[in-house]
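Numbering (the UniProt record's numbering), first residue to last: 1 to 72.
Each residue gets a CB set at the ideal place from its N, CA and C atoms; glycine is no exception.
The structure appears below as structure tokens.
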């Protein structure tokens, strides 16, 4: 019940174990990729002038999509 109350289609915090589980209930990593993700730490490039917390990852667009298509 509590999980549904706070449910969001977007991740507020990335949990590799939940992301790698079909139903989000795994308690033990089942492969090396999940173990590597759990042990990794992201360090943004210090020379960036942009705010890394405002980065948006977009995937699976057609190869013909350009910047103007996204603006429209």
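Pick from 36, 54, 38: whose alpha carbon is nearest that of residue 44?
-> Walking along the chain shown from the start, residue 44 turns up at place 44. Comparing Cα positions, the closest option is 54.
In chain order, what residues of the same chain have a beta carbon less than 7 Å from the beta carbon of residue 34, not counting five sequence neighbours either side?
-> One-based indexing of the chain shown puts residue 34 at position 34. Counting only Cβ-Cβ distances below 7 Å, and skipping sequence neighbours, we find 16, 17, 20.
Check whether the Cβ atoms of residue 29 and residue 22 lie closer than 8 Å to each other.
-> The residue given as residue 29 occupies position 29 in the chain shown. The residue given as residue 22 occupies position 22 in the chain shown. The answer is no: Cβ separation not under 8 Å.
How is residue 16 classed by DSSP in three states: helix, strand or coil?
-> Sequence index remark: in the chain shown, residue 16 carries index 16 (1-based). Helix.
Taking the alpha helix (DSSP H) that residue 54 falls in, what are its first and last residues?
-> Here the question's residue 54 lines up with position 54 in the chain shown. Run containing residue 54: none; DSSP gives neither H nor E here.
Distance, Cα to Cα, residue 49 vs residue 71?
-> Along the chain shown, one-based indexing puts residue 49 at 49. Along the chain shown, one-based indexing puts residue 71 at 71. Approximately 22 Å between the Cα atoms of the pair.
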